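Undergrad:
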Amino acid sequence: MNVAKTITSLEKSLSEITPDYTKILVPTMGSLHAGHLALIDEAKRTSGGKGFVILSLFVNPTQFNQADDLKHYPRSLEMDLKLCKEHGVDLVFAPESDIIYQADHSVTVSESELSKRLCGATRPGHFDGVCTIVLKLFNLTRADIAIFGKKDYQQLAIIRRMTRDLNIPIQIRGVETIRETSGLALSSRNKRLSEQQHSDAQRIRRGMLAAQTTYLQGTTSADKLISVTQNIIESSELGLKIDYLELLDRESLQPIKSLSSPAVMAVAVSYGAVRLIDNIELP
Ligand code: PAF
Numbered sequence: 000m001n002v003a004k005t006i007t008s009l010e011k012s013l014s015e016i017t018p019d020y021t022k023i024l025v026p027t028m029g030s031l032h033a034g035h036l037a038l039i040d041e042a043k044r045t046s047g048g049k050g051f052v053i054l055s056l057f058v059n060p061t062q063f064n065q066a067d068d069l070k071h072y073p074r075s076l077e078m079d080l081k082l083c084k085e086h087g088v089d090l091v092f093a094p095e096s097d098i099i100y101q102a103d104h105s106v107t108v109s110e111s112e113l114s115k116r117l118c119g120a121t122r123p124g125h126f127d128g129v130c131t132i133v134l135k136l137f138n139l140t141r142a143d144i145a146i147f148g149k150k151d152y153q154q155l156a157i158i159r160r161m162t163r164d165l166n167i168p169i170q171i172r173g174v175e176t177i178r179e180t181s182g183l184a185l186s187s188r189n190k191r192l193s194e195q196q197h198s199d200a201q202r203i204r205r206g207m208l209a210a211q212t213t214y215l216q217g218t219t220s221a222d223k224l225i226s227v228t229q230n231i232i233e234s235s236e237l238g239l240k241i242d243y244l245e246l247l248d249r250e251s252l253q254p255i256k257s258l259s260s261p262a263v264m265a266v267a268v269s270y271g272a273v274r275l276i277d278n279i280e281l282p
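To convert, note that position 27 of the sequence shown is 26 in numbering that gives the first Met the number 0; the numbers rise steadily by one, no gaps.
1) When the Cα atoms are used, what is the spatial distance from Leu224 to Thr218?
2) Exposed or buried, which one is Gln65 when buried takes at least 16 other CB atoms within 10 Å?
3) I need the straight-line Cα distance from Pro60 to Gly50, nearest angstrom please.
4) Determine the extent of the beta strand (DSSP E) in which Arg172 is found, giving its start and end residues.
5) Entirely within the stretch 74-161 and at least 4 residues each: give me those alpha helix (DSSP H) ranges in chain order.
6) Just grab the DSSP bridge partners of Arg178 for me.
7) DSSP three-state label for Tyr72, please.
8) So, at 7 Å on beta carbons, what are the nonlocal neighbours of Lys135 in its own chain, with the 5 sequence-adjacent residues on each side left out?
9) Given Phe147, which residues of its chain have a CB within under 8 Å of its CB, disregarding the five upstream and five downstream residues?
10) Are the CB atoms of Ile169 and Ala145 within a distance shorter than 9 Å?
11) Report, in whole angstroms, the separation of the C-beta atoms of Val88 and Leu56, which I expect to be a contact under 8 Å.
12) If I'm right that Ile286 touches Gly206 with Cβ under 8 Å, what's the distance once you round it to whole angstroms?
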């Protein structure tokens, strides 16, 4: 496994790839957990015998709203490299910030529709930072395929939109969310939940599955499906607070009134200082 920390060393590694190999990019901010490993495993499956898996490890400053968040973002390069090696990554690109951003950089990518809602509503500029770094990684690696998790559903939808609108020659793949056996979506934030909070947070998945069951029994009204989920998440004095819970068109992320085409129910829940997100594709 090669590790490139500069653009020159990245270029050198890329120039050594056999031309008929498919290049598959897995963009990450490091601190790899089972969710990321599932993305790598999907990349390996996709590549078959003729693929080259590139994983980027870069804590992208332009997608953070608060300097403190960026400062405290977990970093574990050595462990990440070990996991990449074990999972068969061919090349890790792990640049420092000044390699990626010129001191006087003045051009960014801006998405103006899908990023207005859900997490974008409370994180101004976040998705512009994501789009900018993701486009840079696409350009730097010239990957054929890029792999993202469906847990960050809005991010995936925005990246698909950017790829479509800017005619970027890359295929975007979404990978199912990895869950704990309890159903709770895997997140590095789960570690910050107490045992009791952890068990309460399982209501999020339970609420979404209840909406799915209600739909399968014939209910299509978005309001009704949302209230089924809401009642389960907030049905106690536990302190789970819904920040948003919406039923949206899967591609445009516009709210829908009735479920008749591919949709996604997306939720963000605050529990004390911890904010958890999850989603379910319906039908
Ligand atoms: O999902 C993430 O980890 C990041 O937003 C991404 C896509 C690697 C861009 O920095």
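Where a beta carbon is used, it is the ideal one built from N, C-alpha and C, also for glycine. Treat the numbers as computed from the prediction; the structure is a model and nothing was measured.
TA: Reading it off the structure:
1) So the two alpha carbons sit approximately 7 Å from each other.
2) exposed
3) 30 Å
4) Gln170 to Val174
5) 76-85, 96-99, 117-121 and 125-140
6) Ala184
7) Residue state, collapsed to three classes: coil.
8) Ile99
9) Pro26, Leu38, Gln154, Leu155, Ile158, Ile171, Arg172, Gly173 and Val174
10) yes
11) In fact, because the Cβ distance is near 10 Å, the residues do not count as touching under 8 Å.
12) Since the first residue shown for the chain is 0 and the last is 282, residue 286 is missing from the structure and cannot be characterised.
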